[in-house]
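**Q**
This is how it looks when you write it as structure tokens:
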């Protein structure tokens with residue numbers, strides 16, 4: 001149950017991140033650094049928190065100095081309503097920090113737990129690939145689990161970005 | 001030899017096996033059981049970080065082979081306890097005890113910051129040669145400056161945004177971007 005709640009919050013949160021980055025027309029470098037950050041955090045968990053928070057602080061500083069603002073939100077807010085602008089940036093920062101902590105603290109499934117998972121078990125049993133079999137029989141955290149979590153978070157970001165694009169076009 | 005699993009073995013605790021030390025030869029299962037108990041006990045004691053600071057001489061005595069331990073008299077055990085108690089480190093209480101790790105994927109580093117009252121009576125003797133100490137100081141300064149810059153940037157931006165959210169205008173009609181433009 002906890003897994004599902006955790007992954008639901010992560011999905012919604014990273015979906016919002018994808019939407020926001022698409023809305024501010026983020027450069028390719030930002031998307032790439034976000035993907036790297038997610039891979040890094042999934043692998044390092046709590047050990048990656050310091051650098052991840054540093055990354056967020058740098059990105060927030062750049063967006064505060066350059067006054068980057070989503071194109072679909074009223075463009076005069078950063079210049080005429082600094083209170084609201086600062087409050088929104090603080091909220092975005094708090095959401096980013098929460099998401100980083102949630103991703104870093106996502107309970108990793110060991111091989112045993114992963115094998116007990118009904119969906120994962122069925123998926124693993126159907127596949128005859130040696131790499132997949134090796135990943136679910138490895139003694140430590142399942143490699144397949146890493147890939148699934150990474151794919152899940154990336155899909156949430158992509159869906160958020162697509163939601164923005166579809167929203168703008170319609 | 002039987003092939004039963006750990007849980008199938010009729011294992012008793014180390015203390016029980018100590019108390020009921022049989023004088024006759026043991027069966028293979030009993031010997032295996034004792035080895036398992038001993039190994040489990042050792043790993044439990046040595047791996048438990050929570051108990052590390054609270055270890056007592058008895059915890060270390062429990063690592064001894066039960067046969068050897070049983071061969072000691074009470075006086076001998078008391079002497080060993082006293083000896084162990086004198087060697088167990090007693091860290092002074094810390095005012096600041098900050099530990100965190102930084103994982104760089106290829107290798108993982110830990111950062112520790114202690115601040116506490118120095119209760120050392122003798123001067124701390126230098127552990128490393130002078131060149132190593134200079135290198136240590138240089139690396140420590142580089143790391144501290146890096147961490148300081150990152151924390152300062154984060155704190156500055158946080159307080160700047162809080163200031164703006166509270167509508168506190170320190171520089172009339174100018175924003176941070178305008179102030180930064182002046183440095184160009």
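Chains as they are written, first to last, in our numbering: chain A, 1 to 170; chain B, 1 to 184. All residues carry an ideal CB built from backbone N, CA and C; glycine is no exception.
(1) Alpha carbon to alpha carbon, how far is residue 65 of chain A from residue 4 of chain A?
(2) To the nearest angstrom, how far is the alpha carbon of residue 145 of chain A from that of residue 98 of chain A?
(3) Counting only the same chain and skipping the five closest in sequence on each side, list residues whose C-beta sits under 6 Å from that of residue 177 of chain B.
(4) Under 8 Å: do the stretch 36-50 of chain A and the stretch 148-157 of chain A share three or more Cβ pairs, one atom per stretch?
(5) In three-state terms, what does DSSP make of residue 111 of chain B?
(6) Quick one, are the C-beta atoms of residue 164 of chain A and residue 52 of chain A less than 7 Å apart?
(7) Would you mind telling me which residues of chain A sit closer than 8 Å to residue 167 of chain B, beta carbon to beta carbon, in chain order?
(8) Under three-state DSSP, which class holds residue 2 of chain A?
(9) In the stretch 88-122 of chain B, which residues sit with their C-beta less than 7 Å from some C-beta in chain A, listed in chain order?
(10) What residues in its chain sit with their C-beta under 6 Å from that of residue 49 of chain A, if we drop five residues either side in the sequence?
(11) Count the C-beta pairs between the stretch 80-88 of chain A and the stretch 156-173 of chain B that are closer than 8 Å, then say yes if the count reaches three, no if not.
(12) Report the rounded CA-to-CA distance for residue 131 of chain B versus residue 137 of chain B, giving the unit in angstroms.
(13) Do you know offhand how far residue 71 of chain B's Cα is from residue 65 of chain B's?
(14) In the DSSP assignment, the beta strand (DSSP E) including residue 75 of chain B goes from what residue to what residue?
(15) Is the stretch 54-70 of chain A in contact with the stretch 88-95 of chain A, if contact means three or more CB pairs nearer than 8 Å?
(16) Go through its chain and collect everything with a Cβ distance to residue 56 of chain A's Cβ below 6 Å, but skip five positions before and after it.
(17) Spatial neighbours of residue 100 of chain A within its chain, please: CB distance less than 6 Å, with the 5 preceding and 5 following residues excluded, ordered by chain position.
(18) In the DSSP assignment, the alpha helix (DSSP H) including residue 99 of chain B goes from what residue to what residue?
(19) Drop a sphere of 10 angstroms on the beta-carbon of residue 17 of chain A, count the other beta-carbons inside from all chains shown, and report buried for 16 or more, exposed for fewer.
(20) How far does the alpha helix (DSSP H) with residue 80 of chain A in it reach, from first residue to last?
(21) Along chain B, in chain order, which residues have C-beta atoms closer than 8 Å to that of residue 64 of chain A?
(22) Is any beta-carbon of chain B found at less than 7 Å from that of residue 97 of chain A?
**A** The relevant details are as follows:
(1) 38 Å
(2) 22 Å
(3) none
(4) yes
(5) strand
(6) no
(7) 82, 83
(8) helix
(9) 100, 101, 102, 103, 105, 108
(10) 104
(11) yes
(12) 10 Å
(13) 10 Å
(14) No beta strand (DSSP E) holds residue 75 of chain B; the alpha helix (DSSP H) holding it covers 74-87.
(15) yes
(16) 96
(17) 52
(18) Segment 94-103 is the beta strand (DSSP E) holding residue 99 of chain B; no alpha helix (DSSP H) there.
(19) buried
(20) 77-80
(21) 157, 160, 161, 176
(22) no
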